[in-house]
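Asks:
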Amino acid sequence: MKASIKVFAILGMALVSLFSCRSEEKQTTTTLADTVALPPDTADTTELEVPLPPFPKMAYKIENLIPKDYEIDLEAAGDLNNDGVADKVIVLIKTTDTTALRPTLVLLKQGNAYSVDAISYTAFDPKFRKDGFKDYDFEEVSIDSGKLVVTKQATGPAGSIESTFKYIKDDLVLTHITTFNMGAGGQTEQKFDLLKGIYEQTDINTMKEDMPSTTSTKRYKIPKALFKDSDPSSIMIEAFNKVGN
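If you count by mature numbering (1 follows the signal peptide of the UniProt record, and there is no 0), then the sequence shown holds residues -22 to -1, 1 to 223, one letter each, in order.
(1) Note down the Cα distance separating K174 from Y198, rounded to an integer number of angstroms.
(2) Identify the continuous alpha helix (DSSP H) that holds K72 and give its terminal residues.
(3) Write down the C-beta distance between I121 and L58 rounded to the nearest angstrom, noting that I regard them as a contact closer than 8 Å.
(4) Sorted by chain position, which residues of the same chain lie with C-beta nearer than 7 Å to K46's C-beta, five sequence neighbours on each side aside?
(5) Report the rounded CA-to-CA distance for Y92 versus V119, giving the unit in angstroms.
(6) Only counting runs of 3 or more residues, tell me where the beta strand (DSSP E) segments fall wholly within the stretch 103 to 175, in order along the chain.
(7) How would you label S212, buried or exposed, when you count the other beta carbons within 10 angstroms and need 16 or more for buried?
(8) Would the stretch 36 to 51 count as touching the stretch 80 to 91 if we require 3 or more Cβ pairs under 8 Å?
(9) Taking the beta carbon of R80 as the centre, do at least 16 other beta carbons fall within 10 Å, making it buried, or is it exposed?
(10) What does the alpha-carbon distance come out to for the pair L52 and Q165?
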């Protein structure tokens, strides 16, 4: 009899231990699930919400370089790399989302085909902001005397900016930036020669009838800025913060 009681006692303890382990396992699993199910605003957002479109390296027709749901928004033609052949620069806009990044493609003519030599996602801002308004009232891309010129103008806070790129050896390099901004009582023009490392700022006092101006010139050098990954607006903001008045 005592032996039977002892056996039942051992079995009982084993069952309690088993249920306890299952209970702990279940609780652990529940806790893990709660941890994985993060709210959307705390999830990892390092990846782009909309992946950038792929581009072929070369095509005989420009339309074959344009991805689905994209169309040409701005374009320019002219000899960009001084080989005597007219090249192309096209700015694309996503037709299904005008707030998306606008890729700017530099297409060098090679025989009967166009080679995609450089792509920038910062030369032009998205056409529209999330609130439905534009940053710039006027935009233009042009090729002038072997130079690529990007012009953006606005009467609002964005002001105006003109960026010039030029081929140096095989690289399309940012060489000059000019900006103009208006505020309460004053206007500011900035010029930055990236190759010489010279920053110039002119401030105009519009509160006075004769609108006096002061100009300061300073040495400011940054590493070579390539078309494909340089952001002229950010470069000028940094220049103003470091050497501006």
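Just so it is clear, CB atoms sit at the ideal spot from N, CA and C, and this is done for glycine as well.
Replies: This is what the structure gives:
(1) Straight-line Cα distance between these residues: approximately 9 Å.
(2) Note, K72: premise wrong, no alpha helix (DSSP H); beta strand (DSSP E) at 65 to 72.
(3) That pair is a contact at about 5 Å.
(4) Residues of the same chain with a CB within less than 7 Å of the CB of K46, apart from the 5 flanking positions on each side, do not exist.
(5) So the alpha carbons of these two residues sit roughly 18 Å apart.
(6) Within the stretch 103 to 175, the runs of beta strand (DSSP E) that reach at least 3 residues and sit entirely inside it are, in chain order, 116 to 122, 125 to 131, 138 to 146, 149 to 161, 164 to 171.
(7) Counting Cβ neighbours within 10 Å, S212 comes out exposed, since fewer than 16 surround it.
(8) Contact holds: three or more Cβ-Cβ distances are below 8 Å.
(9) By the Cβ-count criterion, R80 is buried, with 16 or more other Cβ atoms from all chains shown falling within 10 Å of its own Cβ.
(10) Whole-angstrom Cα-Cα distance: 29 Å.
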